[in-house]
Structures are given as structure tokens and as C-alpha cells.
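Numbering (my numbering), first residue to last: 45 to 155.
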């Protein structure tokens with residue numbers, strides 16, 4: 045698990061670099077919260093899809109039917125959920141960085 049966490053951290057760093065290059069900084073905690081909330085909502089949608097796919101898989105397994113398609117759906121939704129969770133972590137890190145940067149600019153300007 046430690047190796048996986050290291051790999052996830054690298055993905056977050058790469059996604060953060062992309063986000064910084066493509067999007068303006070967060071201007072306030074309220075804006076940052078809204079961005080993070082949107083990512084959490086998207087992650088929850090994918091988790092609901094995982095739950096649905098898991099139930100479909102179980103129904104096939106109980107009937108001793110071929111469940112390969114359901115397993116493929118579960119895999120796909122899991123990958124999408126993982127990507128959305130990466131987005132949540134990335135935006136949380138962006139929140140921290142942008143607001144620290146904003147605070148230091150305010151101190152420098154004497155605000």
C-alpha cells in the first residue's frame with residue numbers, strides 16, 4: 045500500500061501541475077470550497093455507479109451466469125472514481141497552495 049500511495053502522490057503532483065497551467069488560482073476559501081465540492085459530487089456519482097455495477101455483478105454470480113461484462117463495468121467505474129478522487133485531492137492541494145500564496149501577497153502589499 046505504501047508504494048501505491050507514493051504512486052498516487054505522483055499522479056496528484058502531475059495533475060496539480062496541469063491544473064495550475066490551465067486554470068487561474070482560487071481567489072477565496074469559498075471559491076476553493078465550491079471547486080472541491082464539485083469534484084466530490086462527481087466522485088460520489090462514480091461511487092454510486094460502482095455500487096450499481098457491483099449489484100449487477102452479484103446478480104449474475106448468484107445465477108451462475110457469465111459476469112464478465114459486469115466485471116468490466118465495475119472496472120471502468122472504479123477507474124473513473126479513482127480519477128475523480130485524484131481530482132478531489134488535487135483541488136484540496138491547490139486550495140492550500142493558492143490560499144497560502146494569496147496570504148503572502150496580502151502581507152507583502154500590507155493589506
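Every residue gets a Cβ at the ideal spot worked out from N, C-alpha and C, and that includes glycine.
Item: Collapsed DSSP secondary structure at residue 67 in the structure displayed; Value: coil
Item: Beta-carbon proximity of residue 66 to residue 128, cut-off 8 Å; Value: no
Item: Nearest-angstrom Cβ-Cβ length linking residue 83 and residue 52, presumed shorter than 8 Å; Value: Not quite, the Cβ-Cβ distance comes to about 15 Å (not below 8 Å), so this is no contact.
Item: Close Cβ partners of residue 86 (< 8 Å) along its chain, the five nearest in sequence each way excluded; Value: 128, 131
Item: Selected residue, minimal CA-CA separation from residue 138, among 95, 79, 104; Value: 79
Item: Cut-off 7 Å between Cβ atoms - residues of its own chain near residue 153, not counting five sequence neighbours on either side; Value: Reliability of the predicted coordinates at residue 153 is poor, the pLDDT of 49 falling under 50, and the value obtained from them is presented with this limitation in mind. Excluding positions up to five away in sequence, the list is empty.
Item: Residue closest to residue 136, alpha-carbon to alpha-carbon, out of 49, 126, 73; Value: 73
Item: Status (buried if at least 16 other CB within 10 Å, exposed otherwise) for residue 113; Value: exposed
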